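All residue numbers for the sequence shown refer to our numbering, where the first residue is 454 and numbers rise by one.
Ideal placement from N, C-alpha and C gives every residue a C-beta, glycine not left out.
Since the model is a prediction, treat every value here as computed from it, not as a measurement.
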Amino acid sequence: MPNVIDVNIGHLPLLDSFLAHLHTHIEDMELDWVIRTHSMYKELREMVRPLPVDNDVLDDMEYFD
454 MPNVIDVNIG HLPLLDSFLA HLHTHIEDME LDWVIRTHSM YKELREMVRP
504 LPVDNDVLDD MEYFD
């Protein structure tokens with residue numbers, strides 16, 4: 454049997470406060486997720502970035518062909 458909760462006009466400020474707190478907490482979690490995701494993206498980008506190529510080495514290789 455389901456429980457029934459009666460809500461009257463006196464509960465609205467408490468409910469509003471609870472929902473505002475919950476909304477703020479969700480926004481904080483979203484911001485944390487965005488920051489972590491961006492940080493991980495930057496780390497992965499650095500790991501897969503190609504090494505710089507020295508042009509002198511490439512020029513030397515052309516002479517050996």
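Residue i (DSSP reduced to helix, strand or coil)
{"i": "Pro466", "result": "helix"}
{"i": "Arg481", "result": "Before going further, note that residue 481 is Asp rather than Arg in the sequence given. Residue state, collapsed to three classes: helix."}
{"i": "Ile488", "result": "helix"}
{"i": "Arg498", "result": "helix"}
Any non-hydrogen atom of the ligand SAH within 7 angstroms of residue i CB
{"i": "Leu467", "result": "The ligand SAH is absent from the structure shown, which contains no ligands of any kind."}
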